[in-house]
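Numbering (our numbering), first residue to last: 1 to 340.
The beta-carbon is built from N, C-alpha and C at its ideal position, and this holds for glycine as well.
Below: the structure, in structure tokens.
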Amino acid sequence: MFGIRFIKVQPTTYLMQYQHGKVVREGSGLSFFYFAPHTSLIAIPMESTDVPFMFEETTADHQKVTAQGVVTYRVSEPARLAQCMNFMLHPSGGSHASDDPDKLPQRVVHFVHVLAQAELQKLPLRQAILAAEGLALAIQRKLEGSKEVQSLGLEILALSVLAIKPTPDTARALEAQTREQILKEADEAIYARRGSAIEQERAIKENELNTEIAVENKKREIREAQMEAERAIQEKRHRIEALELAARIKLEETRKDLVALAAKNAKAEADSRAYGISVSMNAFSGVDADVLQALASVGMSPEQLIALAFQELAEKASKIGQLNISPDLLQGLLHSEPRK
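Below, the structure is given as structure tokens:
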């Protein structure tokens, strides 16, 4: 009514009121009445904005890659942005009068595109598809120091490169090459495992041989110890036998001395007896035989006397014509017990 209007904006919107070419009111989250025929309103959103991007570039080795990511920014100096782009509202106070607010994200993406192009052209394909994090850091650092971004009064909050992908044909070629490399590494791992198994088997076999050698050496030591023990036993046995032989020799020598002494004693005894007999014979040499026989018959038993009588009869048998012997005499001789 009568050109008087009311406007109220969000706290994240920076509002500027111009009258006669001068700023009469500005700030965030303002609300006021204004006279529309003499007032121009500029509303600049100050909230953070996420702008996705995706573009195709060429690497240092002339390979096509597609970079995809998100850049986040906000308006930190709305007055400077208002001087570069048209954020004026319709006189009715509704939407913006131009499409510049829609062009701002495209400008930011354009800045990102230019910087990403410069960075990707420095890298070969293999490095480029793995350089997403490094590329994002480099682009964000350059954006923050860019004069174009500063002239628009923008603040870059974050920049992320989600993926850098080659063309499908190149991707298949890389996959095939990578697959072959993986298979090659798998084969090398199998060969290494086989080699390790062979080495372990060789070590086990060597340990077994060393164990057998150690066992044989131990057996040899045991045999040598047994032989040494047997030799010591043989030596002791020989010494015992030598001692026994020496004892026997000494015993035989003692026996020899004893036999010699016994022979000497027997000889002396025989000489003594012979001397006694010789003396006796010499004493009886002059005695008559009948006397000697009478002396010898002293102390004889009746049987011996009868035997001696028969002996004399036998000596004088030529002079005896007939001899009668009574049976009683013979019976007495037969039943008589021998004298002990």
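To the nearest angstrom, how far is the alpha carbon of T59 from that of Q68? The alpha-carbon atoms of T59 and Q68 are separated by roughly 15 Å.
Is it buried or exposed for F310, if we count other Cβ within 10 angstroms and need 16 for buried? Residue environment: F310 is assigned as exposed (fewer than 16 neighbouring CB atoms within 10 Å of its CB, all protein chains considered).
By the 10 Å Cβ neighbour count, where 16 or more other Cβ atoms means buried, how is Y34 classified, buried or exposed? Burial is judged here by how many other beta carbons sit within 10 angstroms of a residue's own beta carbon; Y34 has at least 16 and is buried.
Let me know the secondary structure DSSP gives F6 once reduced to three states. Reduced to three states, the DSSP call for F6 is strand.
In the DSSP assignment, find the unbroken beta strand (DSSP E) run with D100 in it and report its ends. For D100, no beta strand (DSSP E) run applies; the uninterrupted alpha helix (DSSP H) run containing it begins and ends at D100 to L120, by DSSP.
Near Q117, which residues of its chain fall below 7 Å by C-beta distance, leaving aside the five closest residues on each side in sequence? Beyond the five residues adjoining it in sequence on each side, Q117 comes within less than 7 Å, by CB distance, of E57 in the same chain, given in chain order.
Return the CA-CA distance between P327 and I306, expressed in angstroms with no decimal places. If I take the Cα positions, the gap works out to 14 Å.
Enclosing beta strand (DSSP E) for T158 [first to last residue]: Per the sequence presented here, residue 158 reads as Ala, with Thr not at that position. That run of the beta strand (DSSP E) goes L154 to P166.
Looking at the structure shown, is P91 part of a helix, part of a strand, or coil, going by DSSP? Shown here, P91 sits in coil according to DSSP, grouped into three states, outside any helix or strand.
Run through DSSP, which three-state label would H238 get? In the structure shown, H238 sits in a helix (DSSP, three-state: H, G or I).
If you draw a straight line from the alpha carbon of K319 to that of S301, how long is it in whole angstroms? S301 has its alpha-carbon roughly 27 Å from the corresponding atom of K319.
As a quick exercise: from A43, T39 and K22, pick the residue whose alpha carbon is nearest that of S28. The residue with the shortest Cα to Cα distance from S28 is A43.
Of the residues I222, G94 and V70, the one placed nearest A158, counting alpha carbons only: The candidate whose alpha carbon is nearest that of A158 is V70.
Leaving out the 5 sequence neighbours to the left and right, which residues in its chain are closer than 8 Å to E133 when beta-carbon positions are compared? Close CB contacts of E133 within its chain, under the 8 Å cut and outside five residues either way in sequence, are with V161 (chain order).
Sufficient close CB pairs (3 or more, under 8 Å) joining the segment 4-20 to the segment 77-97: The count of Cβ pairs closer than 8 Å, one atom from the segment 4-20 and one from the segment 77-97, reaches three, so the stretches are in contact.
Going straight from the alpha carbon of L341 to that of H238, what length do you get? Outside the modelled stretch of the chain, which goes from 1 to 340, sits residue 341, for which no answer is possible.
Is the separation between the beta-carbon of Y73 and that of T49 shorter than 9 Å? Yes, Cβ-Cβ distance for Y73 and T49 is below 9 Å.
Assign Q19 to one of three DSSP states: helix, strand, or coil. The three-state reading of DSSP puts Q19 in strand, counting E and B together.
When DSSP labels each residue in this structure, what does G276 get in the three-state scheme? The answer is helix: DSSP assigns G276 an H, G or I state.
Considering only their Cβ atoms, is the gap separating S98 from K87 smaller than 9 Å? Before going further, note that residue 87 is Phe rather than Lys in the sequence given. Yes, Cβ-Cβ distance for F87 and S98 is below 9 Å.
Closer than 7 Å by C-beta to P37: which residues in its own chain qualify, once you throw out the five before and the five after it? Chain order, please. Result list for P37: G3, in chain order.
Supposed close pair P105, V51 - CB separation, criterion 8 Å: Contact between P105 and V51 holds, with the beta-carbon distance rounding to 4 Å and staying under 8 Å.
May I ask you to report which of helix, strand or coil DSSP gives D61? If DSSP states are grouped into helix, strand and coil, D61 belongs with coil.
Assign I240 to one of two classes, buried (16 or more other C-beta atoms within 10 Å of its C-beta) or exposed (fewer than that). With fewer than 16 other beta carbons inside 10 angstroms of its own, I240 counts as exposed.
Please go through the same chain and pick out, in chain order, the residues whose beta-carbon is closer than 8 Å to the beta-carbon of K103, but skip the five residues on each side of it. Within the same chain, M85 come within 8 Å of K103 by CB-CB distance, once the 5 residues on both sides are set aside.
Report all residues from its chain with a CB closer than 6 Å to the CB of S31; omit the five preceding and five following residues, and keep chain order. Around S31, the same chain offers K8 as residues with beta carbons nearer than 6 Å, after the five sequence neighbours per side are excluded.
Between which residues of its own chain and F6 is the CB-CB distance below 7 Å, once the five residues before and five after are set aside? Cβ neighbours of F6 beyond the five flanking positions: F33.
Less than 8 Å between the CB atoms is what I'm expecting for V109 and F53, so what's the real figure, rounded? Rounded, the Cβ-Cβ distance is 5 Å, consistent with contact.
Against chain C, with Cβ distances strictly below 9 Å, would L130 count as a contact? The structure shown contains no chain C; it holds only a single protein chain.
Residue nearest to M46 in terms of C-alpha spacing, selected from P78, E26 and L183: Per the Cα distances, P78.
Considering only their Cβ atoms, is the gap separating I164 from A138 smaller than 9 Å? No. Outside cutoff.
Note down, in chain order, each residue of its chain lying with its Cβ closer than 6 Å to the Cβ of T254, except the 5 sequence neighbours on either side. Once the five neighbours on either side are set aside, T254 has no close Cβ partner at all.
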